[in-house]
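Numbering (the working numbering), first residue to last: 249 to 1203.
C-beta atoms are modelled at their ideal positions from N, C-alpha and C, and glycine is treated no differently.
Here it is in structure tokens:
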């Protein structure tokens, strides 16, 4: 509110008063539920799987554990009920742990078999790994390392590489051991681009176990990373499943009768039973009349507003069933129905009701959902991740915390934990003082060795007395007597990293732009950019060591018994100094690891304290949004809010465990929205996908296939009917909304909205064994240019492919097209285009001439590929090979080769000249060389000079 015009006029001498102190923060009692959650999760248990640490152990990775540590995996039971809730949770935990751990375990095994191995598709190896510093972050003590990427054999494009992402687990071993006996597990804490792009590259890691924490800058390590899998997305879900097992043992697993035991009858949520009167009309038609109805007894027979009949039935189920399952085929408006349901639920909330929880599989989808919600509800908060939307970014928990007054939480552990954090930081910094960069010009002093009982007072005196004759009174050099004692047997310690130049050969780009944005969003958190680890930093360096041989250590230990160290032979002194250094580091390491243990435990209290503070902020929100990963990551915080309602979009794209984690013990009402006939969840280990383990099958798909009641939306609003018919083999009958009947024609294609250009050009493999088809790619680029020259905007065309190898081939060709310079051509894989659409889609199928068709045989992926286009859809591939390889493709090829409406398949591409209305046929990429978007007739248009254009018809 603006001040009034006379508000600046002082009265009663008020301008002489001192400024008022800011109002004291309100004090509220702490919510004990967050700490109670962690206390229960830490309880001992007789079941071995409940005692597994969050991060895999060295024994797990080296395969050196006892036989009892190896388990027979129970498959995901996709037919029939589970015998118990405990069996359900244990099976999913062990499947998930195998998916999380196996890629790195296999990578370690490959290295142990051949320590000289170079980088492979499944493993990356980094050598000359050295510690260069420590960061005291509030998540724990992070260790900064530098390393060599020489074994990659290529330049790494870090901006688009999956290598060493934040949250990745890595295995390290001393270089002189190379995983023969010792393995240390760590998690990447941060990978800032300016760190990995320097020479040598640097990242920060957290050691998984405090007993493995290291600081010695002289120790050389080798580090291994699995190229497949992403541990960060699974670790929180695994701990959530362990916690849920303890909850289920006390009968606190809501909806277990339906989820685990498959009881077909779904009851009504308790809060709806208690008060079934709801105003639904004002949410559907905001300008309409308000009025409450009993939604259990008087649900209107006919839909109102813009809802169709199937959406109306789905809405009823979403509001009245404790477990509502809604299938939305492509373009049928499942997000629209979700938003309507949320609007009704929000408008009927009572004061004091807990917030509604909404989740999506991806940050992109979550932002889209929250963008809809923000139009009618401002009181929402987004948990975790980074949002690309400026308005939603304002409603992240971090921003809300910055802009709203925070109450003082009486009884919180936060203040005490922050004081301990500062204390541990200073104690560790003092411990590391002699190894910090500011002291790296000096040898370690005798007093330090004496402090740890490694030299006696007599030995220190002997050093000092003997050195007096070597050090001049005005000598500005180090007055450490060890310098004189060592003489020429002190040598500088340096690690030489050769400049890794591989010409123009680059490491394969792992990430598409869309995947990169999603990864960046998921790696962000609500407090800080994790790629820039915050906290005090100590640079560690030790510039000097003694000159010795590895065989000198035993003799050195004998010499250390000599009271007068000047009697030690000159040639042996370098070895004696190195032995002193080693013994000192062993003693300091023991203290360091004890402090790291204390600090790690305190960091847990810091997290509890922050969440006790955040609990107070979130209690006032009406809705909280997060990804399905966030359901596990923030489970303790969300549980403390006692949510009754959870809605999950893209529920069929997630494997089962993250959705199960949403069964908070206060849950009464779960709404699952998705489509099990589109993309499934992904697994890192291919053997866990499909038969016999079925880890990729979602809870959504399993419930639908086992007879749980669900509703399917049937009216699609995306595809022109000619394109929509291709989905009939998958969905049966889908109805068209009137809006799709009026789609404009595709310029340059006459009446052809769809077409399958068939060929038998051979496929190839790239260096990562991904498929590509060069001639097909060239044909597609020529067709793309034909559309653009006929007036289609570049942004209105998406080129889809099932293979990353073909995607890279297409991008290279588009990049070399002079006409398209400066324009972004959207070339993406099918998997990254789920949930998206465009006016025109060109699908590159790649496979040709082989009896197997790989990814193209996966019907869920094919479904996504066939359903992204609104106005025009054009496929390029070997129709004969596809039709022979699978029944779905046989049906699609039969539909396109039929005469209704007209044959849409051939070994030539029918194009239309919009100027002369001629049809031109192209069947080979070489024919595009003389094509200018027109036909073969002469242009014949009058030029500015008065002459007629002699070129062929062009646009």
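- Reduced DSSP category for residue 576 - H, G, I as helix; E, B as strand; rest coil: Reduced to three states, the DSSP call for residue 576 is coil.
- Taking C-beta to C-beta, are residue 981 and residue 1124 nearer than 8 Å? No; because the gap between Cβ atoms is not below 8 Å, this pair is not in contact.
- Message: For the structure I just gave you, are there three or more beta carbon pairs, one from the segment 997-1016 and one from the segment 1143-1160, closer than 8 Å?
- Response: Segments in contact, yes.
- Message: Can you tell me where the alpha helix (DSSP H) holding residue 646 begins and where it ends?
- Response: DSSP places residue 646 inside the alpha helix (DSSP H), whose first and last residues are 645-651.
- Any chance you could list the beta strand (DSSP E) runs of at least 3 consecutive residues sitting entirely within the segment 1064-1119, in chain order? Within the segment 1064-1119, the complete beta strand (DSSP E) runs of at least 3 residues are 1074-1077 and 1086-1092.
- Is residue 1185 buried or exposed, if buried means 16 or more other CB atoms sit within 10 Å of its CB? Here residue 1185 is exposed, its C-beta having fewer than 16 other C-beta atoms within 10 Å.
- Task: Could you check the C-alpha separation between residue 803 and residue 380 for me, to the nearest Å?
- Result: For residue 803 and residue 380, the distance between alpha carbons rounds to 31 Å.
- Task: Indicate the three-state DSSP secondary structure (helix, strand or coil) for residue 1009 in the structure shown.
- Result: If DSSP states are grouped into helix, strand and coil, residue 1009 belongs with coil.
- Taking just the CA atoms, how far does residue 596 sit from residue 545? Their Cα atoms are separated by approximately 17 Å.
- Query: With DSSP run on the structure shown, which of helix, strand or coil describes residue 666?
  - Reply: In the structure shown, residue 666 sits in a helix (DSSP, three-state: H, G or I).
- Contact between the segment 1096-1105 and the segment 1126-1133: three or more CB pairs below 8 Å? Cβ pair count under 8 Å is three or more, so yes.
- Task: Quick one: grab the DSSP three-state call for residue 295.
- Result: Reduced to three states, the DSSP call for residue 295 is coil.
- Task: Using the Cα positions of residue 968 and residue 994, report the straight-line distance between them to the nearest angstrom.
- Result: Those two C-alpha atoms are separated by around 11 Å.
- Query: Counting along the chain, where does the alpha helix (DSSP H) carrying residue 874 start and finish?
  - Reply: Annotation for residue 874: no alpha helix (DSSP H) segment contains it, though the beta strand (DSSP E) segment containing it runs 871-875.
- Task: Pick helix, strand or coil for residue 1162, following the three-state DSSP scheme.
- Result: It is coil, neither helix nor strand.
- Item | DSSP-derived helix/strand/coil call for residue 931 | The answer is coil: DSSP assigns residue 931 none of H, G, I, E or B.
- Who are the Cβ neighbours of residue 339 in its own chain at under 6 Å, not counting the five residues just before and after it? The beta carbon of residue 339 lies closer than 6 Å to those of 322 in the same chain, with the five residues before and after it left out.
- So, residue 921 versus residue 539, is the Cβ gap smaller than 8 Å? The answer is no: Cβ separation not under 8 Å.
- Query: Cα separation between residue 1138 and residue 1130?
  - Reply: Spanning the two alpha carbons is a distance of roughly 7 Å.
- Item | C-alpha distance - residue 270 paired with residue 654, whole-angstrom precision | Low confidence applies here, because residue 270 scores a pLDDT of 48, under 50, leaving its location unreliable; read the following figure in that light. Note on geometry: alpha-carbon atoms of residue 270 and residue 654 lie some 13 Å from one another.
- How many angstroms separate the CA atom of residue 382 from the CA atom of residue 392? So the alpha carbons of these two residues sit roughly 6 Å apart.
- What is the residue span of the alpha helix (DSSP H) that residue 948 lies within? DSSP places residue 948 in the uninterrupted alpha helix (DSSP H) bounded by 947-953.
- Do the segment 446-466 and the segment 812-823 make contact, defined as three or more Cβ pairs closer than 8 Å? At 8 Å Cβ cutoff, the stretches do not touch.
- Message: Three Cβ pairs or more, each shorter than 8 Å: is that satisfied between the segment 344-359 and the segment 405-413?
- Response: No: fewer than three Cβ pairs fall under 8 Å.
- Query: Is it true that the CB of residue 1061 sits closer than 8 Å to the CB of residue 1026?
  - Reply: Against a cut-off of 8 Å, the Cβ pair of residue 1061 and residue 1026 comes out as a contact.
- Task: Taking only runs that begin and end inside the segment 412-454, name each unbroken alpha helix (DSSP H) of 4 or more residues, in chain order.
- Result: Fully enclosed alpha helix (DSSP H) runs of no fewer than 4 residues occupy 441-444 of the segment 412-454, in order along the chain.
- Message: One question on the structure: do residue 943 and residue 936 come within less than 8 Å of each other, judged by their Cβ atoms?
- Response: Note that the C-beta distance between residue 943 and residue 936 is below 8 Å.
- Beta-carbon contacts of residue 324 that lie in its chain and below 8 Å, excluding the five residues immediately before and after: Residues of the same chain with a CB within less than 8 Å of the CB of residue 324, apart from the 5 flanking positions on each side, are 339, 340, 343, 904, 941, 942, 943, 945 and 950 in chain order.
- Query: Under the three-state reduction of DSSP, which class applies to residue 388: helix, strand or coil?
  - Reply: In this structure, residue 388 counts as strand in the three-state DSSP scheme.
- Message: Among 421, 923 and 795, whose alpha-carbon lies nearest the alpha-carbon of residue 310?
- Response: Closest by alpha carbon: 421.
- Message: Check whether the segment 495-510 and the segment 899-917 are in contact - that is, three or more C-beta pairs closer than 8 Å.
- Response: Short answer: they touch.
- Could you give the distance in angstroms between the alpha-carbon of residue 816 and the alpha-carbon of residue 839? It is roughly 30 Å from the alpha-carbon of residue 816 to the alpha-carbon of residue 839.
- Task: With residue 922 as the anchor, note down where its beta strand (DSSP E) starts and where it stops.
- Result: It spans 917-922 - the beta strand (DSSP E) in which residue 922 sits, taken as one unbroken run.
- Name the DSSP beta bridge partners of residue 793, please? Looking at the DSSP output, residue 793 bridges to 739.
- Task: Taking residue 529 as part of the alpha helix (DSSP H), name the residues at either end of that continuous run.
- Result: Counting along the chain, the alpha helix (DSSP H) containing residue 529 begins and ends at 529-532.
- Taking just the CA atoms, how far does residue 605 sit from residue 1116? Going by C-alpha positions, residue 1116 is about 29 Å away from residue 605.
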